[in-house]
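Structure, as structure tokens:
Protein chains: 2
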Amino acid sequence: MENKGLVIVLTGDGKGKTTSALGMLLRMAGHDKKACVIQFMKSSDAGYGEFKMMDRLGIENHQVGAGCTWTVSKQATIDSIKEAWNLTKQKVLSDGYDCILLDELNIALSLPEIFEDKIIDASEVIHLIQQMRQQFPQRHLIITGRYAVPELIEEADLVSEIKDIKHPYTKGIKAQRGIEF
Amino acid sequence: MENKGLVIVLTGDGKGKTTSALGMLLRMAGHDKKACVIQFMKSSDAGYGEFKMMDRLGIENHQVGAGCTWTVSKQATIDSIKEAWNLTKQKVLSDGYDCILLDELNIALSLPEIFEDKIIDASEVIHLIQQMRQQFPQRHLIITGRYAVPELIEEADLVSEIKDIKHPYTKGIKAQRGIEF
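These protein sequence lines map, in sequence, to chains A and B. Per my numbering, the first sequence starts with residue 51, numbered consecutively. Per my numbering, the second sequence starts with residue 51, numbered consecutively.
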């Protein structure tokens, strides 16, 4: 077997989690591998530079988020997470993918106001991963976002924590197009 | 001014430095911004998935490395670093780029056997950055690689340290196409 599917978790408070996952997708695409991206939290209205480029690269991508939790209602956030999670369960166990990226799932799992409502429980995520490992042992799964829960870190094959050593926000410099979004 | 150029350093022993930079380039391309990539250490012979995709995205990219330092001669490594550094000095101060990525420059700067020969001194890098900031204040510069030197961290606007929490190498699983290269 050429390939062993890896469960990869990119977490931490520093810049580079989603972009790192996108970079892996760029590599995947370079090897003609097929990926599917589900973006929790992020709305397709937002002008993220990656959306257009994933289309251009032929990478299937779904933005199922409601947007920033501080600008939309709690209910809209909850609904969008439910929708993204339902899509996740379907895609992770569907034929035809070499890699699936669940962008910002960690945030969806750990948002305190969401967590009370138990929209997604960590045990459901672990169960889905275990099903995927059985049915698609070569498939890679990448999960990004701060606050990865301990159960997920335990289950993963590769975990990188991206630490903020220095960030321009703290010097009052605003988010830059192409860098942050 | 819409944009303030940022000097971004992605360092640490974890997976995700180069891929994070590639993800930023994907975002840049999505905003029709022009990037130039110089890859130290990596040879274009190596089958990195990103090479083909950068071409397809219209991202100018140069692989000037000799390859892994444990498979090529010290002299080949030194020569390739000199060549990459000369190209870097030229591109960083050339018109027409929104972003320049110096992939694995940190390694080139810190490799002990190279360092003795002082191929590139940290002060030269800092000087080049300061010239760029003056001449192209909106230009972003991304520098990746383990072992970022303190002078560079001091000079940078944004530094993320990517820490290896768990890596499949330690479980004897080999590098995976699309993930590691």
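Every residue, glycine too, gets a C-beta built ideally from N, C-alpha and C.
Terminal residues of the beta strand (DSSP E) in which residue i lies
| i | result |
| --- | --- |
| A85 of chain B | A85 to Q89 |
| E205 of chain B | Unbroken run through E205 of chain B is the alpha helix (DSSP H), P200 to E205; no beta strand (DSSP E). |
| I229 of chain B | Looking at the DSSP string, I229 of chain B is not in any beta strand (DSSP E), and its letter there is neither H nor E. |
| Q113 of chain A | E110 to Q113 |
For residue i: DSSP bridge partner residues
| i | result |
| --- | --- |
| D214 of chain A | B:S210 |
| M59 of chain A | One point to set straight first is that residue 59 of chain A is Val, not Met, in the sequence displayed. For V59 of chain A, which the question treats as bridged, DSSP gives the partners A:I193 and A:V209. |
| D153 of chain B | B:Q89 |
Range covered by the alpha helix (DSSP H) that runs through residue i
| i | result |
| --- | --- |
| H177 of chain B | A172 to Q185 |
| E133 of chain B | K124 to V142 |
| G73 of chain B | K67 to G80 |
| K102 of chain A | G99 to L107 |
Same chain, Cβ closer than 7 Å to residue i, five either side skipped, listed in chain order
| i | result |
| --- | --- |
| G62 of chain B | R196, E211, I212 and K213 |
| L72 of chain A | E100 |
| L143 of chain B | Q181, M182 and Q185 |
| T138 of chain B | I88 and L152 |
| D148 of chain B | M78, K83, K84, A85, R189 and H190 |
| M74 of chain A | I192 |
For residue j and residue i, the rounded distance between their alpha carbons
| i | j | result |
| --- | --- | --- |
| V57 of chain B | R189 of chain B | 9 Å |
| K141 of chain A | A126 of chain A | 22 Å |
| V122 of chain A | G115 of chain B | 48 Å |
| I150 of chain B | I109 of chain B | 10 Å |
| G222 of chain B | H177 of chain B | 42 Å |
| S173 of chain B | E174 of chain A | 52 Å |
| K132 of chain A | E201 of chain A | 20 Å |
| E230 of chain A | L208 of chain B | 11 Å |
| K102 of chain B | I215 of chain A | 32 Å |
| V199 of chain A | L161 of chain A | 11 Å |
| L191 of chain B | D95 of chain A | 28 Å |
| K54 of chain A | N53 of chain B | 42 Å |
| H112 of chain A | Y98 of chain A | 13 Å |
| Q226 of chain A | L76 of chain B | 14 Å |
| S70 of chain A | T69 of chain B | 4 Å |
| E204 of chain B | P187 of chain A | 44 Å |
| H81 of chain B | M104 of chain B | 15 Å |
Beta-carbon contacts of residue i that lie in its chain and below 6 Å, excluding the five residues immediately before and after
| i | result |
| --- | --- |
| A206 of chain A | V57 and V59 |
| G117 of chain A | S93 |
| I193 of chain B | V59, L152 and L155 |
Buried/exposed call for residue i, threshold 16 Cβ in 10 Å
| i | result |
| --- | --- |
| R106 of chain A | exposed |
| E154 of chain B | buried |
| K83 of chain A | buried |
| K67 of chain B | buried |
| Y219 of chain B | exposed |
| K168 of chain B | exposed |
| K224 of chain A | exposed |
| K124 of chain B | exposed |
| G228 of chain B | buried |
| G64 of chain B | buried |
| D145 of chain A | exposed |
The ligand ADP heavy atom lying under 8 Å from the CB of residue i
| i | result |
| --- | --- |
| K83 of chain B | You won't find the ligand ADP in this model; it holds no ligand whatsoever. |
Chain-order list of residues whose beta-carbon lies under 8 Å from that of residue i (same chain, five-residue window excluded)
| i | result |
| --- | --- |
| A79 of chain A | A85, L107, G108 and I109 |
| A158 of chain A | F90, M91, I131, A134, W135, I164, I169, I170 and G195 |
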